[in-house]
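Asks: Before I ask anything, here is the structure I am working with.
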Amino acid sequence: MKAILIKDGRIIDPGQGIDELGSLLLSEGKIAWRKAVPPQGDYDILYAEGMVVCPGFIDLHCHLRQPGFEEKETIATGTRAAAKGGFTTVCAMPNTSPPLDNKETIEYVRAEAEKSGAIRVLPIGCVTRGRKGEELADMAELAGAGAIGFSDDGSPVKDPEIMRRALERSRELGLPVIDHCEEPSLIEGGQMNEGELARRLGLRGIPPASEEIMVSRDIMLARMIGGHVHIAHVSTSGAVALIRNGKRQGIKVTAEVTPHHLTLTEEECNGYNTNAKVSPPLR
Numbered sequence: 002m003k004a005i006l007i008k009d010g011r012i013i014d015p016g017q018g019i020d021e022l023g024s025l026l027l028s029e030g031k032i033a034w035r036k037a038v039p040p041q042g043d044y045d046i047l048y049a050e051g052m053v054v055c056p057g058f059i060d061l062h063c064h065l066r067q068p069g070f071e072e073k074e075t076i077a078t079g080t081r082a083a084a085k086g087g088f089t090t091v092c093a094m095p096n097t098s099p100p101l102d103n104k105e106t107i108e109y110v111r112a113e114a115e116k117s118g119a120i121r122v123l124p125i126g127c128v129t130r131g132r133k134g135e136e137l138a139d140m141a142e143l144a145g146a147g148a149i150g151f152s153d154d155g156s157p158v159k160d161p162e163i164m165r166r167a168l169e170r171s172r173e174l175g176l177p178v179i180d181h182c183e184e185p186s187l188i189e190g191g192q193m194n195e196g197e198l199a200r201r202l203g204l205r206g207i208p209p210a211s212e213e214i215m216v217s218r219d220i221m222l223a224r225m226i227g228g229h230v231h232i233a234h235v236s237t238s239g240a241v242a243l244i245r246n247g248k249r250q251g252i253k254v255t256a257e258v259t260p261h262h263l264t265l266t267e268e269e270c271n272g273y274n275t276n277a278k279v280s281p282p283l284r
């Protein structure tokens, strides 16, 4: 394969503390050279002026939906879309049918990704069997099959005792428990963020406290147990403050946020716009 020079881009690599204008020479799939002035040689040139050149993105939370919901997404279609957007690794949530709660389903996703995936796929196993919140999955078995974390994606781990035991396994295995933090009793029947707009539209709202109560509980359990809790799709400033405070105390808590929660507000729900109905709701 002929070498490629990516010329005059903004090179960003947080891992190495690099943020500079320059060029990269790619040879045999590897970075062979990086400087401001390109070297002499026989290569194709990709002009990157005004563009960012960076390592491949990693999506910690994606829904490939295979097996069971191929009409929504497949490993092949999802990974091709991810590659088009600059992602080289995606972590696949277990909201499949059957859920990824045993080694066979984890092995299936890995094998299918090897066969039809355009990029690397890392499966996330369930916290509980069937994502039902009733019985802890065999997390050690899932990890042995290749799961890189555990989540009941879309469903909170509502039982504190089960969450406690999951964090104990997390500590032993060195892998995170990823929780969808919403207190079930506070979101029942809710359609959007609780506030003046919801009242005006006549819709039942979901209060920010529904998220913050669960975030607080998970952080307290992580402090007690020592496992790693990862808070999925944070949507409130109160949750951010709780996570920040937990980090200051040395608790193993990390978090993520979605593009829509960063860029949109509850005003998108005006006019009963169902495209803006997400979980957790826009604030």
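Just so we're aligned, residue 2 is where the sequence shown starts under this note's numbering, counting upward by one.
All C-beta atoms in this analysis are idealised placements derived from N, C-alpha and C, irrespective of residue type, glycine included.
Can you tell me the Cβ-Cβ gap for L65 and A93, rounded? I've got them flagged as a contact below 8 Å.
Replies: So it is a contact: roughly 5 Å between Cβ atoms.
Asks: At which residues does the alpha helix (DSSP H) containing P161 begin and terminate?
Replies: Run containing P161: P161 to L174, per the alpha helix (DSSP H) assignment.
Asks: G131 to E74, Cα distance in whole Å?
Replies: If I take the Cα positions, the gap works out to 20 Å.
Asks: Give me the DSSP bridge partner(s) of N194.
Replies: In the DSSP output, where bridge partners are listed per residue, N194 has I207.
Asks: Would you list the residues sitting across from K36 in a DSSP beta bridge?
Replies: Beta-bridge pairing links K36 to S24.
Asks: Ends of the alpha helix (DSSP H) at V241?
Replies: Per DSSP, V241 belongs to the alpha helix (DSSP H) from S238 to R249.
Asks: Can you tell which of G206, D43, A167 and D160 has its C-alpha closest to the C-alpha of G150?
Replies: Comparing Cα-Cα distances from G150 to each of G206, D43, A167 and D160, the minimum goes to A167.
Asks: Apart from the five residues just before and just after T266, which ones in its own chain have a Cβ nearer than 7 Å to its Cβ?
Replies: For T266, where only same-chain residues beyond five positions count, the Cβ hits under 7 Å are L283 and R284.
Asks: Pull up the CB-CB distance for E195 and P185, whole angstroms please, since I reckon it's below 8 Å.
Replies: Rounded, the Cβ-Cβ distance is 15 Å, inconsistent with contact.
Asks: I need the DSSP call for V158, collapsed to helix, strand or coil.
Replies: Here V158 sits in coil by DSSP.
Asks: Looking at the unbroken beta strand (DSSP E) that takes in I1, where does it start and where does it end?
Replies: With the chain covering 2 to 284 only, the question about residue 1 has no answer from this structure.
Asks: For A114, write down the residues that DSSP places opposite it in a beta bridge.
Replies: The partner list for A114 (beta bridge, DSSP) is empty, contrary to what the question assumes.
Asks: Quick one: what's T106 bridged to in DSSP?
Replies: Note: T106 sits in no beta bridge, so no partner.
Asks: I think E212 touches S238, with their Cβ atoms under 8 Å apart; what is that distance to the nearest whole Å?
Replies: That pair is no contact at about 11 Å.
Asks: Decide yes or no for the touch test of the stretch 94–109 against the stretch 118–127: beta carbon pairs closer than 8 Å, at least 3 of them.
Replies: With a cut-off of 8 Å, the stretch 118–127 and the stretch 94–109 count as touching, because enough Cβ pairs lie within range.
Asks: Helix or strand or just coil, what does DSSP make of C270?
Replies: Looking at C270 - three-state DSSP - the assignment turns out to be helix.
Asks: List the whole-angstrom C-beta distance separating L22 from W34, where the pair is believed to meet the contact cut-off of C-beta under 8 Å.
Replies: Contact flag wrong, Cβ pair sits at about 15 Å.
Asks: Taking all protein chains shown into account, decide if G247 is buried (16 or more other Cβ within 10 angstroms of its Cβ) or exposed.
Replies: Per the 10 Å Cβ criterion, buried.
Asks: Answer yes or no: do T89 and G51 have a C-beta to C-beta separation smaller than 8 Å?
Replies: In this structure, G51 does not lie closer than 8 Å to T89 by Cβ.
Asks: By the three-class DSSP mapping on this structure, what secondary structure does G87 have?
Replies: Reduced to three states, the DSSP call for G87 is coil.
Asks: Report the residue from P95, E269, A277 and R224 whose alpha carbon sits nearest the alpha carbon of A148.
Replies: Answer by Cα proximity: P95.
Asks: Give a yes or no on whether the C-beta atoms belonging to I13 and C55 are separated by under 8 Å.
Replies: Yes, they are a contact pair.
Asks: Taking only three categories from DSSP, how would you classify R224?
Replies: Looking at R224 - three-state DSSP - the assignment turns out to be helix.
Asks: Using the C-alpha atoms, what's the distance from K36 back to E108?
Replies: One C-alpha to the other measures close to 42 Å.
Asks: For N274, tell me which candidate among E197, L204 and E173 has the shortest Cα-Cα distance.
Replies: For N274, the nearest C-alpha among the options comes from L204.
Asks: Quick one: give me the first and last residue of the beta strand (DSSP E) that H231 is part of.
Replies: Start and end: V230 to I232.
Asks: Is it right to say S152 is buried, meaning 16 or more other beta carbons lie within 10 angstroms of its own, or is it exposed?
Replies: Flag for S152 reads buried.
Asks: Give the DSSP-derived three-state secondary structure of S217 in the structure shown.
Replies: In this structure, S217 counts as helix in the three-state DSSP scheme.
Asks: Under the assumption that D9 contacts Y48 (Cβ atoms under 8 Å), give the Cβ distance between them as a whole number of angstroms.
Replies: Confirmed, about 7 Å.
Asks: Determine the burial state of S280: buried for a count of at least 16 other Cβ atoms within 10 Å of its Cβ, exposed for fewer.
Replies: Its Cβ having fewer than 16 others within 10 Å, S280 is exposed.
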